[in-house]
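Trainee: Residue numbers (UniProt numbering): 1 to 416.
Please find one structure pasted underneath; my questions will follow.
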Amino acid sequence: MGKKPFVTKEQLDNIVKEYPTPFHLYDEKGIRETARNLNKAFSWNKGFKEYFAVKATPNPTILKILREEGCGTDCSSLTELMMSDRCGFQGNEIMFSSNDTPAEEFVLAKKLGATINLDDITHIEFLKEAAGIPEVISCRYNPGGVFSLGTDIMDNPGDAKYGMTRPQMTEAFLKLKELGVKEFGIHSFLASNTVTNEYYPALAKQLFELAVELQKETGVHIGFINLSGGVGVPYLPDQEGNDIAVIGEGVHKAFDEVLVPAGMGDVKIFTELGRYMLAPNGHLVTKAIHEKHTHKEYIGVDACAVNLMRPAMYGAYHHITVMGKEDQPCDHMYDVTGSLCENNDKFAIDRMLPKIDKGDVLVIHDTGAHGFAMGYNYNGKLKSAEILMKEDGSTEMIRRAETPEDYFATIEGFNF
Ligand SMILES: *Cc1c(COP(=O)(O)O)cnc(C)c1O
């Protein structure tokens with residue numbers, strides 16, 4: 001029952017001896033397997049490529065592992081572009097799906113030869129002025145309204161700041177064609193963290209139909225369709241995960257039904273998954289350092305929201321394993337807290353767990369994406385190290401922890 005960490009207690013005891021807690025631990029074997037299964041699920045499509053959303057886990061070692069598995073990167077900022085470049089990703093291995101984009105970021109994206117994905121119709125003129133219009137370009141679509149699967153409302157695109165309306169898509173394609181674009185792409189991201197095999201196929205069908213319409217209306221060559229991110233992971237222990245093979249086949253079916261009869265069977269499918277690729281392949285490892293008995297029972301750990309913001313920010317559930325106590329009854333109700341002067345700095349509220357003693361090592365699950373990456377420096381707290389567990393079980397530090405001197409490094413005009 002429940003979730004099992006990808007490390008054993010014995011392995012983790014050794015790792016904790018070498019690296020002080022808290023730290024993020026990544027599982028290289030799991031990352032490679034996830035990438036291989038994704039590529040297999042979409043192998044029916046000749047040009048398929050996953051562009052890993054760098055913002056989920058911006059670490060060069062992780063990006064290089066993914067590159068070895070055939071993935072590119074999806075960037076939306078200057079530093080993400082720079083990191084991709086420094087990791088050796090070539091132009092067509094980089095997607096630039098930004099919004100509210102500063103000119104300098106378009107300039108770098110164009111210089112690197114990244115595929116630019118325009119978020120708005122006004123960005124055509126802006127890009128033309130800033131960097132010039134490339135021959136390959138993509139436009140981001142937002143149909144508005146709500147996105148539902150059957151009777152389930154999945155998300156609310158009508159409230160989202162991203163993408164162009166349906167009439168703007170036509171107008172943008174015509175304008176870009178006039179400006180010399182040779183190959184077009186369509187991108188859309190309509191629902192986040194979906195835990196259903198239906199999301200990608202439903203999105204794909206919508207985008208494939210749109211592609212056929214746009215091609216008829218504008219006569220342009222549509223080279224690729226980017227399904228973006230949004231395939232989620234089961235954060236809850238009793239939740240069933242997605243089956244990527246079923247998802248791949250669902251997209252395949254829509255492809256054969258819509259694009260092939262329209263003579264568009266050469267369209268490449270792209271994805272920009274972040275969470276699906278990395279979340280389950282990362283743990284936040286932390287130690288219990290205090291117990292407090294007041295109006296509630298508290299366990300204080302040495303990690304805080306600076307290391308993992310999702311619970312504080314979204315009330316997100318992250319499963320916790322108390323290492324070595326997997327078989328003990330969950331008969332204690334705890335709030336598991338960090339040390340920030342913010343009452344929402346809690347990794348778990350009213351969570352039933354085994355009795356926790358000071359010094360116990362806790363694994364917080366599914367932190368490999370949007371975990372370390374969302375960290376900040378509130379309360380002057382420092383970001384943790386990132387450790388990679390390799391396929392042979394050995395470990396490597398792939399980012400050191402911040403030091404107080406890092407924190408003070410940007411302060412000018414004072415001598416501390
Ligand atoms: C955040 C983001 C992704 C990745 O989303 P996940 O939910 O991590 O899969 C992909 N593309 C764009 C443009 C994004 O902003």
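Glycine included, C-beta positions come from ideal geometry on N, C-alpha and C.
Just so you know, these numbers come straight off a predicted model, no measurement behind them.
On the CB-based measure, 16 or more other CB atoms within 10 Å of its CB, does Gly223 come out buried or exposed?
Mentor: So Gly223 ends up on the buried side.
Trainee: Would you verify that the beta carbon of Glu50 is, or is not, closer than 7 Å to some beta carbon of chain C?
Mentor: Structure shown: chain C not included; a single protein chain is present.
Trainee: Hey, Phe96 and Ile116: beta-carbon distance below 7 Å or not?
Mentor: yes
Trainee: Compare the Cα-Cα distances from Glu402 to each of Gly324, Ala409, Leu382, Ile411 and report the closest residue.
Mentor: The alpha carbon of Glu402 has as its nearest neighbour, out of Gly324, Ala409, Leu382, Ile411, the alpha carbon of Leu382.
Trainee: With distances taken between CB atoms, is the gap from Leu25 to His283 smaller than 7 Å?
Mentor: yes
Trainee: Are Val146 and Ala131 closer than 7 Å when you measure CB to CB?
Mentor: No, these two residues do not count as a Cβ contact at 7 Å.
Trainee: Closer than 6 Å by C-beta to Gln328: which residues in its own chain qualify, once you throw out the five before and the five after it? Chain order, please.
Mentor: Pro354
Trainee: Would you kindly check if the distance between the Cβ of Val54 and the Cβ of Phe71 is under 7 Å?
Mentor: It is worth fixing the name first, because residue 71 is Cys in this sequence and not Phe. Cβ atoms of Cys71 and Val54: not closer than 7 Å.
Trainee: Excluding the 5 residues preceding and the 5 following His252 in the sequence, name in chain order all residues of the same chain whose CB lies nearer than 6 Å to its CB.
Mentor: Trp44
Trainee: Would the beta-carbon of Glu272 be found less than 6 Å away from any heavy atom of ligand 1?
Mentor: yes
Trainee: Pull up the DSSP beta-bridge partners for Ile247, would you.
Mentor: Per DSSP, none; premise fails for Ile247.
Trainee: May I ask you to check if the CB of Arg275 is nearer than 6 Å to at least one heavy atom of ligand 1?
Mentor: yes
Trainee: Does the structure place the stretch 191-200 close enough to the stretch 134-145 that three or more beta carbon pairs sit under 8 Å?
Mentor: no
Trainee: Considering only residues of the same chain and omitting the five flanking positions on each side of Leu179, which have a CB-CB separation below 8 Å?
Mentor: Result list for Leu179: Ile124, Lys128, Ile133, in chain order.
Trainee: Can you name the residues that DSSP bridges to Ser148?
Mentor: Ile153
Trainee: Let me make sure I understand the geometry here. Which of Tyr314, Ile299, Val212 has the alpha-carbon closest to that of Met352?
Mentor: Ile299
Trainee: So, using beta-carbon positions, are Val336 and Phe347 closer together than 7 Å?
Mentor: yes
Trainee: Is the number of C-beta pairs between the stretch 252-270 and the stretch 296-313 that are closer than 8 Å three or more?
Mentor: Not touching, per the Cβ criterion.
Trainee: Pull up the DSSP beta-bridge partners for residue 430, would you.
Mentor: Given that the chain is displayed from residue 1 to residue 416, the structure contains no residue 430 and the question cannot be resolved.
Trainee: Would you report the Cα separation of Cys330 and Asp350, rounded to the nearest angstrom?
Mentor: Rounded to the nearest whole angstrom, the CA to CA distance from Cys330 to Asp350 is 12 Å.
Trainee: Please say whether Thr21 and Val306 have beta carbons closer to each other than 7 Å?
Mentor: no
Trainee: Would you check whether ligand 1 has a heavy atom nearer than 6 Å to the C-beta of Asp74?
Mentor: yes
Trainee: Mind checking whether the beta-carbon of Gly163 lies closer than 6 Å to any heavy atom of ligand 1?
Mentor: Gly163: no, Cβ never under 6 Å from ligand 1.
Trainee: With respect to 6 Å, is the separation between the Cβ of Gly145 and the closest non-hydrogen atom of ligand 3 below this value?
Mentor: The ligand content of the structure shown is limited to ligand 1, which means ligand 3 is not among them.
Trainee: Less than 7 Å separating the beta-carbons of Ala288 and Asp406?
Mentor: Not in contact: Ala288 and Asp406 (Cβ atoms no closer than 7 Å).
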